[in-house]
Amino acid sequence: MNLSLEGKTYVVMGVANKRSIAWGIAQSLSQAGARLIFTYGGERMEKNVRTLADSLEQEHSLVYPCDITDDAEIEKTFQQIKDEVGTIHGLAHCIAFANKEELDGDYLNTTRDGFMLAHNISSYSLTAVAKVIRELDLMREGGSIVTMTYLGGEKVVKNYNVMGVAKASLDASVRYLANDFGKENIRVNAISAGPMRTLSAKGIGGFNEVIKEMEEKAPLRRPVTQEEVGDTALFLMSDMARGITGELIHVDGGYNKVG
Ligand code: KAL
Numbered sequence: 000m001n002l003s004l005e006g007k008t009y010v011v012m013g014v015a016n017k018r019s020i021a022w023g024i025a026q027s028l029s030q031a032g033a034r035l036i037f038t039y040g041g042e043r044m045e046k047n048v049r050t051l052a053d054s055l056e057q058e059h060s061l062v063y064p065c066d067i068t069d070d071a072e073i074e075k076t077f078q079q080i081k082d083e084v085g086t087i088h089g090l091a092h093c094i095a096f097a098n099k100e101e102l103d104g105d106y107l108n109t110t111r112d113g114f115m116l117a118h119n120i121s122s123y124s125l126t127a128v129a130k131v132i133r134e135l136d137l138m139r140e141g142g143s144i145v146t147m148t149y150l151g152g153e154k155v156v157k158n159y160n161v162m163g164v165a166k167a168s169l170d171a172s173v174r175y176l177a178n179d180f181g182k183e184n185i186r187v188n189a190i191s192a193g194p195m196r197t198l199s200a201k202g203i204g205g206f207n208e209v210i211k212e213m214e215e216k217a218p219l220r221r222p223v224t225q226e227e228v229g230d231t232a233l234f235l236m237s238d239m240a241r242g243i244t245g246e247l248i249h250v251d252g253g254y255n256k257v258g
């Protein structure tokens, strides 16, 4: 058993730019010999994703649009992936969204539409994709599904608000999906990363203070890097993690353990 992903194919959803966690994961998987397929959520992202995908050492990069709020589009995208590669061995789901104005102040101010939007994109999308993977029998050699969560789904974190509630739903989905998929030797896990300067975090109030807290309070006394999160995803994708499913692994320098 080792960390090699030679001869295996993975779908990475949610690269927006070079700072994306999804891109950190892609680099770690690629270095381990994996073949990668990318999906992106909006036309604005396409150019970035293509440029990044082309920079990897693989014959030709496979990049597809996939609006994860649209079941028909998910099905179409994954059918194209099946036609192209036949079987995949893993999925990295790095997708989340909430209305900016609801990521500030009281959670109580969340609207019904904002609540549903955050849950639709940030939580249900994992289940929707998992469903299509099962329907198309895309992981017929077994596999590993990894999603990204955050501490705000377990504890109250200032400003995270409706995203925290959506992450709690995502974390629970990981456990139920792990149970559904276990008999097919498909594992489902979440990585809870510490705060990182991604596009998602940009322009959100109080982010600098969150980083400062990490430097002061986390056992490792520093924020975590894209490479550290990427390498944890690589471990979860590899056979080394063959006994782990339904789990939430914190890659946060130990921050969640400190009161
Ligand atoms: C406590 C933290 C501080 C920040 C609070 C909330 C962060 C919420 C994350 C959520 C995914 C951000 C958005 O949806 C932002 C969105 O309204 C506007 N941004 C965009 O549309 C950009 C262009 C696109 C690329 O972003 C998305 N998401 O599509 C949490 C910090 C410390 C940790 C973070 C940032 C966690 C996380 O979930 O990302």
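Note that numbering that gives the first Met the number 0 has the sequence shown beginning at 0, numbered continuously upward. Virtual Cβ for every residue (Gly too), placed ideally from N, Cα, C.
| query | result |
| --- | --- |
| To the nearest whole angstrom, what separates the beta carbons of residue 247 and residue 191, a pair I think is in contact under 8 Å? | 6 Å |
| Between 138, 201, 198 and 102, which lies nearest to residue 183 when the distance is taken from Cα to Cα? | 138 |
| Decide if the region 97-105 is in contact with the region 42-54; the criterion is three or more beta carbon pairs, one per stretch, under 8 Å apart. | no |
| Strictly by DSSP, which residues pair up with residue 88? | Paired residue(s): none; residue 88 is not in a bridge. |
| Going by the beta-carbon positions, is the gap between residue 223 and residue 250 smaller than 8 Å? | yes |
| Are the beta-carbon atoms of residue 254 and residue 195 separated by less than 8 Å? | no |
| Do residue 159 and residue 89 have their C-beta atoms closer together than 8 Å? | no |
| Within 10 angstroms of the Cβ of residue 198, are there 16 or more other Cβ atoms? Answer buried if so, exposed if not. | exposed |
| Name the DSSP bridge partner or partners of residue 258? | Paired residue(s): none; residue 258 is not in a bridge. |
| By a C-beta neighbour count over all protein chains shown, 10 Å radius and 16 as the cutoff for buried, is residue 48 buried or exposed? | buried |
| So, with DSSP's three-state summary, where would you put residue 188? | strand |
| Assuming residue 127 contacts residue 73 under a Cβ cut-off of 8 Å, what Cβ separation, rounded to an integer in Å, is found between them? | 6 Å |
| Report yes if the C-beta distance between residue 13 and residue 118 is below 8 Å; otherwise report no. | no |
| Any chance you could list the beta strand (DSSP E) runs of at least 3 consecutive residues sitting entirely within the region 84-149, in chain order? | 89-92 and 142-148 |
| Assign residue 181 to buried or exposed, taking buried as 16 or more other Cβ atoms, counted over all protein chains shown, within 10 Å of its Cβ. | exposed |
| Per DSSP, residue 195 forms a beta bridge with which residues? | In DSSP, residue 195 forms no bridge with anything. |
| Within the present structure, is the beta-carbon of residue 1 separated from the nearest heavy atom of the ligand KAL by less than 7 Å? | no |
| Is any non-hydrogen atom of the ligand KAL found closer than 7 Å to the C-beta of residue 223, if you look at the structure I gave you? | no |
| Specify the secondary structure class of residue 0 as computed by DSSP and reduced to three states. | coil |
| Less than 8 Å between the beta carbons of residue 142 and residue 152, yes or no? | no |
| Output needed for residue 80: all residues of its chain with C-beta closer than 8 Å, excluding positions within five of it in sequence on either side, in chain order. | 10, 36, 61, 63, 87 and 137 |
| Is residue 198 near the ligand KAL, judged by its Cβ being under 7 Å from some heavy atom? | yes |
| What would DSSP say about residue 175, mapped onto helix, strand or coil? | helix |
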